[in-house]
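Input: a single structure, listed below in structure tokens.
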Ligand code: F3S
Ligand code: FES
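In the working numbering, the protein residues as written are 195 to 448.
See below:
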């Protein structure tokens with residue numbers, strides 16, 4: 195049989211690939227459950243994303259499979275998982291860009307809810323509270339004229355760029371330091387502080403930021419492994435933000 199015949203179904207339509215999914219299953223709420231890999235086969239369809247594939251599997255093969263999706267458009271950050279060992283957004287991952295064997299596992303570091311579902315929200319909430327990731331203004335300055343003062347467009351653009359973070363947790367899951375230090379704020383935390391440091395409405399000084407990230411759970415715990423920068427699905431400039439914060443904090447610490 196020629197290659198052309200092999201790739202063509204009767205009727206002349208191109209034959210679809212059969213995908214083999216290997217998914218790490220475990221339900222920590224069930225004392226009987228043990229972590230194990232489970233395989234599923236699925237015919238690939240045009241434009242299939244991992245979100246569509248998992249939905250097919252859950253709908254037609256296994257209703258117990260747990261995973262998270264909200265927006266399906268790379269905006270909410272909830273579908274991050276290990277895709278062939280690398281953190282990424284499942285809703286933005288096209289199967290036709292992958293081999294037919296696909297391994298999926300939950301992100302490490304975060305509390306496991308079940309199968310591919312992890313509690314990134316709890317981790318992000320804790321980090322945000324610790325780093326006080328909101329604009330700090332002086333009480334007397336909380337009035338509309340200050341809050342709505344015109345911002346230089348270039349600066350607004352720089353802040354907007356850092357605000358594109360969707361808190362998917364990929365940078366934390368990829369980071370060696372985050373795996374060793376449970377209180378490490380990760381690239382997501384440092385990116386947030388860099389963002390508030392830029393914001394002219396925030397009255398905090400570099401010394402205040404030093405209090406928040408000038409230790410081993412912050413900028414000095416970062417070993418410049420840069421997996422966060424390589425992995426970020428939104429391609430945020432994490433490397434330059436971390437380096438910038440570290441230089442600033444080092445000056446203050448001396
Ligand atoms: Fe981790 Fe990124 Fe630093 S991967 S060690 S936060 S450069
Ligand atoms: Fe929202 Fe993937 S479902 S980022």
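Glycine is no exception: its CB is placed at the ideal position from the N, C-alpha and C atoms. Model, not experiment: these values are computed from the prediction.
Item, Value
"Considering only their Cβ atoms, is the gap separating residue 385 from residue 433 smaller than 7 angstroms?", "no"
"So, with DSSP's three-state summary, where would you put residue 261?", "coil"
"For residue 267, does the count of other Cβ atoms within 10 angstroms reach 16, so buried, or fall short, so exposed?", "exposed"
"State the Cα-Cα distance for the pair residue 323 and residue 235, rounded to the nearest angstrom.", "43 angstroms"
"May I have all residues whose beta carbon comes closer than 7 angstroms to any heavy atom of the ligand FES, sorted in chain order?", "245, 263, 264, 265, 266, 267, 268, 269, 270, 271, 272, 273, 283, 284, 285, 286, 360 and 362"
"My output table needs one value for residue 299: the three-state DSSP class, helix, strand or coil.", "strand"
"Compute the minimum distance between the beta carbon of residue 420 and the heavy atoms of the ligand F3S, and state whether it is under 6 angstroms.", "yes"
"Among 416, 239, 246 and 328, which one has its Cα closest to the Cα of residue 379?", "416"
"In the DSSP output, which residue or residues are listed as bridge partners for residue 276?", "281 and 299"
"Restricting to Cα atoms, I'd like to know which of 421, 401 and 270 is closest to residue 443.", "401"
"Rounded to the nearest angstrom, how far is the Cβ of residue 224 from that of residue 260, given a contact under 8 angstroms?", "Going by Cβ atoms, the distance from residue 224 to residue 260 rounds to 11 angstroms, so no, they are not a contact pair."
"According to the neighbour-count rule (16 or more other Cβ atoms, all chains shown, within 10 Å of its Cβ), is residue 295 buried or exposed?", "exposed"
"Less than 7 angstroms separating the beta-carbons of residue 278 and residue 297?", "yes"
"Considering Cα atoms alone, identify which of 330, 329, 393 and 304 is closest to residue 320.", "304"
"Could you check where the alpha helix (DSSP H) with residue 321 kicks off and where it finishes?", "314–325"
"Take residue 387 and list the residues in its own chain whose beta-carbon comes closer than 7 angstroms to its own, dropping the five residues that flank it on each side.", "325, 403, 406, 407 and 439"
"First and last residue of the beta strand (DSSP E) that includes residue 310?", "Per DSSP, residue 310 belongs to no beta strand (DSSP E) and is neither H nor E."
"With 16 other CB atoms within 10 Å as the buried threshold, where does residue 446 fall?", "exposed"
"For residue 412, count the other beta carbons within 10 Å of its own beta carbon; 16 or more makes it buried, fewer makes it exposed. Which is it?", "buried"
"Identify, in the order they occur along the chain, each residue of the same chain with its Cβ nearer than 8 angstroms to the Cβ of residue 396, setting aside the five sequence neighbours on each side.", "329, 330, 331 and 390"
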